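There are 4 protein chains.
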Amino acid sequence: MDDQITALRARIDALNLELLERLSARAQVAEEIGRLQTAQGRSHYDPVREQAMLDALVAANHGPFSDATVKSLLKQVFQASMQLEEEQDKVQYLTSRRHHRADTVVWVGDVPIGGDHPAVLVAGPCAIESREQVEATAAHVASRGVRLFRGGAYKPRTDPYSFQGLGEEGLRLGRAACDAHGLKFVAELMDAADLPVFERSVDVIQIGARNMQNFRLLKAVGRSKLPVLLKRGLSATIEEWVMAAEYLLHEGNPNVILCERGIRTFERFTRNTLDVSAVALAKLETHLPVLVDVTHSGGRRDLLVPLTKAALAVGADGIMLEVHPNPAVALSDQKQQVDFEGFDAYLDATLFPETLSPGRTELYTER
Amino acid sequence: MDDQITALRARIDALNLELLERLSARAQVAEEIGRLQTAQGRSHYDPVREQAMLDALVAANHGPFSDATVKSLLKQVFQASMQLEEEQDKVQYLTSRRHHRADTVVWVGDVPIGGDHPAVLVAGPCAIESREQVEATAAHVASRGVRLFRGGAYKPRTDPYSFQGLGEEGLRLGRAACDAHGLKFVAELMDAADLPVFERSVDVIQIGARNMQNFRLLKAVGRSKLPVLLKRGLSATIEEWVMAAEYLLHEGNPNVILCERGIRTFERFTRNTLDVSAVALAKLETHLPVLVDVTHSGGRRDLLVPLTKAALAVGADGIMLEVHPNPAVALSDQKQQVDFEGFDAYLDATLFPETLSPGRTELYTER
Amino acid sequence: MDDQITALRARIDALNLELLERLSARAQVAEEIGRLQTAQGRSHYDPVREQAMLDALVAANHGPFSDATVKSLLKQVFQASMQLEEEQDKVQYLTSRRHHRADTVVWVGDVPIGGDHPAVLVAGPCAIESREQVEATAAHVASRGVRLFRGGAYKPRTDPYSFQGLGEEGLRLGRAACDAHGLKFVAELMDAADLPVFERSVDVIQIGARNMQNFRLLKAVGRSKLPVLLKRGLSATIEEWVMAAEYLLHEGNPNVILCERGIRTFERFTRNTLDVSAVALAKLETHLPVLVDVTHSGGRRDLLVPLTKAALAVGADGIMLEVHPNPAVALSDQKQQVDFEGFDAYLDATLFPETLSPGRTELYTER
Amino acid sequence: MDDQITALRARIDALNLELLERLSARAQVAEEIGRLQTAQGRSHYDPVREQAMLDALVAANHGPFSDATVKSLLKQVFQASMQLEEEQDKVQYLTSRRHHRADTVVWVGDVPIGGDHPAVLVAGPCAIESREQVEATAAHVASRGVRLFRGGAYKPRTDPYSFQGLGEEGLRLGRAACDAHGLKFVAELMDAADLPVFERSVDVIQIGARNMQNFRLLKAVGRSKLPVLLKRGLSATIEEWVMAAEYLLHEGNPNVILCERGIRTFERFTRNTLDVSAVALAKLETHLPVLVDVTHSGGRRDLLVPLTKAALAVGADGIMLEVHPNPAVALSDQKQQVDFEGFDAYLDATLFPETLSPGRTELYTER
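The listed protein sequences correspond, in order, to chains A, B, C and D.
The working numbering puts the first sequence at residues 1 to 367.
The working numbering puts the second sequence at residues 368 to 734.
The working numbering puts the third sequence at residues 735 to 1101.
The working numbering puts the fourth sequence at residues 1102 to 1468.
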C-alpha cells in the first residue's frame, strides 16, 4: 500500500511542477496586461473581467472540486497575481520599513527623536489653565533637563459642558512659557481651520486618539511641515494606526512620531491598557519613532515607573507624561498627573534624562 | 444576646435619624452657597475648599474609622450634595428624557422619523460611483416605496490609497437621482469646510462612526438646521454616543437621529456586532429617534433579515441598508451590499414598507 | 493597445483552463492518497511531505513570482485540497446544519424546545436559598403557565468568600418544589464528580459560561443522556461556543440547547451586551435550539422586555429569566431579578406564555 | 456676598463635625453588633434589617434630598460601615500584600521563583508528542542552563477533533526526560480526577487560561502541596485572576505562581496582547511571583525578544517560552514555537540565564 502512495505522490510532484509552470506563465502575461493598463491609467482590478473568467472556469469544471471550490481556488490564484502587485505596492507604503529600512529621526528644532538617540521625555500639564500654572511647570521640568513640553489648549471632551481648554490664549501662554525656558512646545490640534495659528505657536502638532481617523485633519496636517505626534485610537488596530500615519506621509510630511497611549479593555483597575506589542510592531513594520504616553496608558500614578521601564525596554523612543503643580485642583485628569515632587521621584526611579536605550535600533532594524 | 442586639439596633436607629437631620441641614446650606456661586458665575466644585474640609475632619477623627475611611465617607457625603446638583443638571441635558419626555419626531421634508410613525427604511449604495449606478438604484428603491436614499460622496477609508468617493460630483449625482425619484438624500459629511455644499445638496447630514467624537465637526453641524444622522463609534459606550448628540443639540440643532451600526468585538463570523441594548438604552435615556444600520452591523447578507427583525422588535425607528445594482463590482463593501433582487426579497421577508411598530412608543415613554 | 490586451487575455483564458485541468487531476490523486491513508488510520496532513513538495517547487522556480510567493501560492493549492476534505469533514461536524438540516427539538419530558414549537420560558431564582423561597417561586411561575424552572444549587463565584449555593440540599429543595408544581428542573453542574446526584435530581443540566471550555466537564456531560443547556462564555466567539457543543454531541448526547447570555464589552450601562447575531448565527450554522438569558444579558430590569422582544424576533427558541420573591434580599444578583409582580408585568408585556414564533424555522432552515 | 459664603461655610464646617461624631458613634455600635453576630455565627449583612432602616429614614425625610437620594446616601453610610469590615476582611485576603507584605518565594525543589532571585526561564514544547521530541528538547534547554521544563500531556483544544495530548503516557515521557536532565517538570492539569497521577509525575501543576475560573479544579489543586502556575483567563480582569489565586491559598496551598499570557483584543497582527500593567498590578496587589508566557502573549516569533525585555523590565519573576525541535511539524502552535537555533539566539538577545532583575523587589514592595 505504501508503494501505491509513493507512486501517487510522484504523480502529485509532476502535477505540482506543471502547475508552477502555468502559474508562472500566467503571472507573466498578467504583468504585461498590468503594464498596458497602467499606461492607459486604468485600474488593474476589473471585477467584471474576473467574473467572466470564473464563469468560464465553472463551465469547464467536471470535478472533483465543486464549482464553489474551483471559483474559490482560482480566485486565490488571481489574488496571488494581485498580491504580487500588492507586494510591490506595499514596498511603496511610505511608512513601511520595506520602503525605508533605516530608522527615521524626527528633529524638533535641535532635539532628535528616534534612531539611536537617547529616549526623550515630553512633560507638562494635561491642559494649560493659567499663566502661573504653565510657567511654574515649564520652569520645573526645564530645570530637570526636559526639552519637550506638552500642554493642551484645545481639549477634546466627551461632555460638551466640560472644560474645553483656553484655546488661542492657551497657545500663547504655552509658547511664552516654552520660550522663557528653552522648551519645544507640543499641543493638540483638533480642527484644520486652526492650523495657521498652530504653525505660528507650536513645535509639534499632536493629533489625539479620537481624531486618529479624522482623515481630513490628517490630510491638512500632512501638508504642514511641522513634526506631528500621532496618537493611537482607543480601539484602533495597529494597521489602522499605521495607515493613519500613511495619510500624513502621503501628503508630504515625513516628520511623524507615533504615540501609543493604551487601548480600551475590560480592565477596571486601569483607565486603559498599555500595549507594548504595538510599540514593538510599530517599530518592526515602520521606520518612524514611537513614544509611549504612560499617563493615559495606565491612568494611575503608581504605574508610571513600571510602565516607563517596560516601554523603554521594548524600544520606545520616548515617554510622554503629565505634570501639574497641584493635580488635586487640575481642571482635568486630577487622578493621574504628578506634582513636582512626584515628577522628581519619577526621574530618579527611571533614570531620565540620562536614559540611554542602547540596542534599541538593533532590536528592530537588523532583521 | 438577641436583647443586646435589639438595644444596639435602637441606638443605630436613633443615630440614623440624627445623621439624616445633619445631612439635610448641610444640603440646605450647600444649596444656598451654590446659589450664591451661580450668581457670581463661579463653579460649584472647589477642590481646594474640599481638601480643607477633609483635612479638618481628619484632624478631628478619633476612630473607629481610619482617616482614609473618614475621608472616603465624607467625600461621599460631599458627592451626594454634588449629585443632588448633578441630578438637577442632568435634567438640563438636552438629549435626556428627563428634560423632554415625549419622543422627538425628526421630519425630513414630509417624512417623519420617530414617535409612533412607522419605521423608515434608508436604502442606497455604500458609495456613489457613477450616474448610471445611482440612478438605477434610486429608481429601484423608490419603486418599492422607499422615501430615504443613502449614498456616500466622501468616504472615510482606512487606507489612503482606497477609493475615497467622487466628492462634490457625487453629491450632484445623488441629488439629481433623488430629485428624479422623489427621494430624500442622506450623505456623510467628513469636514466642516464642506458644510455649505452639503446644505445645498442633501436632506440629512450623516456623521460617520469614525467622526463620532470629532467635536469640531459636531459643533459645526450643530449650528446647521439640517437633520443629522449620528452613527455610534466603533467602540463607543452608549454614554459617549449620547454626549456626542448633546454637542449637536447644545449648538442649536434639535433634529438629531441616532444610528447604531454594530460595535467592534472579538467575533470573526461578523464584521461588527449589533448591540440591541444600545438601541433600547438610547430610547430609554434620550427622546431622539434611533435607526439601525443592519448592513454594517453584521457585514453579512444572510443576517440582514434577522437583524432587521431584532432591531424593529427592540424599538428602532428605522433601518439603514446598502443596495447596489451589482455588488460584486462595487468599489467598496462588495460582500455586504444586496442587489435589487436581494432587496426585493428583503422587503418581502421584513414586511417593509408596511412595517408598523405598534407599542414602540409604549416600550420606552410610559415609564 | 486594447487589441494587445484582448490577445493577452485570451492567453490568460487558455492558461486558466490548463490550471483547472492540473488542479482537478491533482485533487483526484490527492483523494486517492487520502483514501489509502484513511485505510491505514493515518492523518492526512503530513507537514514533512508538504515541506518537501514546497522545497522542490522553490528549486524549480525561475520567476516572476518570488520563492515566497510560489510557496504561498502552492500552499494555497495544497490547502484547497485539504479544504475539500475539510468541507467533507465539516459535513461531519455533528452540530452542523450541513450534517443535519432540520431543527433539532430537545424534549424535556413532555416539553419541546426548538423547531416550530412555541418559545419556552425558563424562570426561577438565581440561587436556591431556602425551602420557602424556592417553593413560593415555583408556585408562582407554575401558576402563570411556566413549565421549566431554573435555580442554582452550586454557584460559581469570582470571590471564594461569596455565597456558593446550598449544594446537594439545594438540589433536593429544587426537585421537591418542581415536583409539587409540575415543573422541569434546570440547574448548573460545575464538576463531573457531581453528575450522579444531578442525574437523580434535575431534568436539564446547565453548563455555565465560565465552564464553557471546561472540556473534561463537557466530555462527562456528553456521556449523560440528560438534556444540556450550554451557556456561551463571556468572551467566546461563536465558533468556540459551537465547538463546545460539538464536544457534547461527539460524546453521544444529542440533547443540547445553546444559551446566549450576553458578552463582555466596554459598556458600563449594562452588565453584559446581548449578542443577537450570535443567536442568528447559531441558528444558521447549527440545528440546535437556542435560548437567550435576558437577565444576565442586560443585568437591568428595565431591559428585560425589549431584550426579550429582540431575542424572539431574531428566532430564539426560548427565554431564561431570574425571578425571586424579594430580590432586595437575595444572596446574589439583587439588582437584576424580578419579583412576582414584576414577573407578571413582564408576561403581559411580552405575551408569554402564548408567544408563538411563526416563521422562526423559516428564517434559518429554508436556505 | 463673599462674607455670606464665608458664614455659610462655617456652618458647613460645624455640620461636618457633627456628622463625623454621629458616624463614629454609629460605627462603634455597628462593630459591637458585628461582634455579637460573629459570636452567633450569623452573617453581618442583613438585607431585611437594612430595608427597614431605609424605610424609617424615608418616612422621616422632609427634604431637600429626595427620598431616593436619602436612601442612596444612607445606603452609602451603611456600606461605609460594611466597607470598614471589608477593609479589615481585605487584610484577610490571603493573596493581598496588605496581608503579607514581603514577596513570596515559591521553591520548585531547589529552584526559587520570586523575591530577589534572578528571573527564571520555563522552556519546552507546547505538547509532548514523542519520546524523541521531549528528550531532544529537554537535553537542549538543560544544556543551556534552563532548570524548569514545560510540556503539555493534556491539551485543552477548542475543536474536539484536534490533538488532545498523549495523556498519562505524555506525563511519563516528560518525567523521564526531566529526570535525565535534572529539570523540574511543569504540566497542565485539566481535571481534578487526574490530580493523583500529576502529584506523582510533575513538579508544578499548571492551570490553563480556560480553567482559570473552574472553581472546583482550583479547590482541588488548593488542597495539593505542589506549586501551582495559574494562567490568567483570556478576558479576565486582574481582580478575577487574583480571586482565582485566592481560591488556591484559601484551600491551603501557598505555592502559587501567577502567569500573564496575553489578553484577547481586537488586534489581528498578534494572537493575544501582552498586558504589562497586569504584571505590575499583580505585583502591587499581591505578594505572589508573576511569570509571563511570551509565546502565547504575542503568538509571533519576532516578538519574543522585545516582549521578554518588557516583561522583565516591568518586574516579572520569570518567562515561559515554547521550544520544539521542528516547529513546522509540531502538532500544535506551529507558528510560534522556536527551534533550538532560535532558542539559542533568544538566549543571546535576552541575556538569559544570567538575567538579573535588580530593583524588581524595590519596584513593588517599598510602598
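We treat Cβ as the ideally placed atom computed from N, Cα and C, and that holds for glycine.
Quantities reported herein were computed from a predicted structural model and do not represent experimental measurements.
Determine whether the beta carbon atoms of F516/B and G476/B lie at a separation below 7 Å.
Against a cut-off of 7 Å, the Cβ pair of G476/B and F516/B comes out as no contact.
Identify whether A1279/D lies in helix, strand or coil by the three-state DSSP scheme.
For clarity, residue 1279/D is Cys in the given sequence; the question names Ala instead. In the structure shown, C1279/D sits in a helix (DSSP, three-state: H, G or I).
Run through chain C and tell me which residues come within less than 8 Å of E135/A, C-beta to C-beta.
Those within 8 Å of E135/A in chain C number zero; the least Cβ separation is about 38 Å.
What does the alpha-carbon distance come out to for the pair G1460/D and L307/A?
With a pLDDT of only 45 at G1460/D, under 50, the local geometry of the prediction cannot be trusted, and no value is derived from it.
State the Cα-Cα distance for the pair I972/C and R1199/D, rounded to the nearest angstrom.
Roughly 41 Å between the two C-alpha positions.
With a threshold of 16 other CB atoms inside 10 Å of the CB of E1233/D, please say whether the residue is buried or exposed.
That one is exposed.
Quick one, are the C-beta atoms of A954/C and L982/C less than 7 Å apart?
Using a Cβ distance threshold of 7 Å, A954/C and L982/C do not count as a contacting pair.
Taking only beta-carbon atoms, is Q213/A less than 7 Å away from chain E?
You won't find chain E in this structure, because its protein chains are A, B, C and D.
From F1444/D, L1327/D, N1427/D, T1451/D, pick the residue whose C-alpha is nearest to that of E1230/D; which is it?
When only C-alpha atoms are compared, the closest one is N1427/D.
What is the rounded straight-line gap between the Cα of Q1105/D and the Cα of G401/B?
Taking the straight line from one Cα to the other gives about 12 Å.
Quick one: give me the first and last residue of the beta strand (DSSP E) that D1027/C is part of.
That run of the beta strand (DSSP E) goes 1024-1027.
Report yes or no: do the region 192-211 of chain A and the region 227-238 of chain A share at least 3 C-beta pairs separated by less than 8 Å?
Yes, since at least three Cβ pairs between the region 192-211 of chain A and the region 227-238 of chain A fall closer than 8 Å, the two stretches touch.
Quick check on L356/A - is its C-beta less than 7 Å from some C-beta in chain C?
At L356/A the pLDDT is 41, less than 50, meaning the model places this residue with poor confidence and gives no usable figure here.
Which word fits R957/C, buried or exposed, when buried means at least 16 other C-beta atoms lie within 10 angstroms of its C-beta?
Under this definition R957/C is an exposed residue.
With distances taken from CA atoms, which of A1012/C, M1054/C, T1007/C is nearest D1027/C?
Closest option to D1027/C, judged by alpha-carbon separation, among A1012/C, M1054/C, T1007/C: M1054/C.
How about M977/C: is its C-beta nearer than 7 Å to some C-beta of chain D?
Judged by the 7 Å Cβ criterion, M977/C is in contact with chain D.
Segment contact flag, the region 63-82 of chain A with the region 242-256 of chain A, C-beta cutoff 8 Å, min 3 pairs
Segments in contact, no.
Counting beta carbon pairs with one atom in the region 908-924 of chain C and one in the region 1364-1380 of chain D, are three or more of them shorter than 8 Å?
Taking 8 Å as the limit for Cβ pairs, the verdict is that the region 908-924 of chain C does not touch the region 1364-1380 of chain D.
Quick check on P125/A - is its C-beta less than 7 Å from some C-beta in chain B?
No, its Cβ sits nowhere closer than 7 Å to a Cβ of chain B.
Could you give the distance in angstroms between the alpha-carbon of T1238/D and the alpha-carbon of E1442/D?
Going by the C-alpha atoms only, they are around 12 Å apart.
Considering only DSSP beta bridges, list what G1419/D is partnered with.
Under DSSP, G1419/D shares a beta bridge with V1221/D, L1392/D.
Using 10 angstroms around the beta-carbon of R22/A, count the other beta-carbons present and answer buried if the total reaches 16, otherwise exposed.
Burial is judged here by how many other beta carbons sit within 10 angstroms of a residue's own beta carbon; R22/A has at least 16 and is buried.
Close-in-space but distant-in-sequence residues of the same chain around Y93/A (CB under 7 Å, 5 per side omitted)
So the list reads H99, E246, once near-sequence residues are dropped.
Same chain only: Cβ atoms within 7 Å of N945/C, ignoring 5 sequence neighbours per side
The answer, listed in chain order, is M924, L951.
At the 7 Å Cβ level, is Y1348/D part of the contact set with chain C, yes or no?
Interface residue, yes.
Does P673/B come within less than 7 Å of chain D when only Cβ atoms are used?
Against chain D, the CB of P673/B has no partner CB under 7 Å away; the residue lies outside that interface.
Whole-number beta carbon distance between V472/B and I1113/D, since they are thought to touch under 8 Å:
That belief does not hold up - the Cβ atoms of I1113/D and V472/B are roughly 46 Å apart, past 8 Å.
Regarding V1298/D and the ligand GDP, is the C-beta to nearest heavy atom distance less than 6 Å?
The ligand GDP is absent from the structure shown, which contains no ligands of any kind.
Please classify E199/A as buried or exposed, where buried requires at least 16 other C-beta atoms within 10 Å of its C-beta.
Burial is judged here by how many other beta carbons sit within 10 angstroms of a residue's own beta carbon; E199/A has fewer than 16 and is exposed.
Which residues in chain D sit within 8 Å of R417/B, going by Cβ to Cβ distance?
It should be noted that the sequence gives Glu, not Arg, for residue 417/B. At a beta-carbon threshold of 8 Å, none of the residues of chain D lie near E417/B; the nearest stands roughly 11 Å away.
For G967/C, I'd like the list of residues in its chain whose CB is within less than 6 Å of its CB, leaving aside the five on either flank, ordered along the chain.
Beyond the five residues adjoining it in sequence on each side, G967/C comes within less than 6 Å, by CB distance, of A943, M946 in the same chain, given in chain order.
Spatial neighbours of L1272/D within its chain, please: CB distance less than 6 Å, with the 5 preceding and 5 following residues excluded, ordered by chain position.
These residues qualify, in order along the chain: A1254, S1302.
Kindly list, in the order they appear in chain A, the residues whose Cβ is closer than 7 Å to that of L583/B.
Reading off the sequence, residue 583/B comes out as Arg, not Leu. Below the 7 Å Cβ cutoff, chain A contributes M190, D191 as neighbours of R583/B, in chain order.
Tell me which residues of the region 980-1006 of chain C have at least one Cβ-Cβ distance to chain B shorter than 7 Å, keeping chain order.
Of all residues in the region 980-1006 of chain C, only I997, T999, F1000, E1001, R1002, F1003, T1004 place a beta-carbon less than 7 Å from a beta-carbon of chain B.
Tell me the DSSP secondary structure of I624/B in three-state form.
If DSSP states are grouped into helix, strand and coil, I624/B belongs with the strands.
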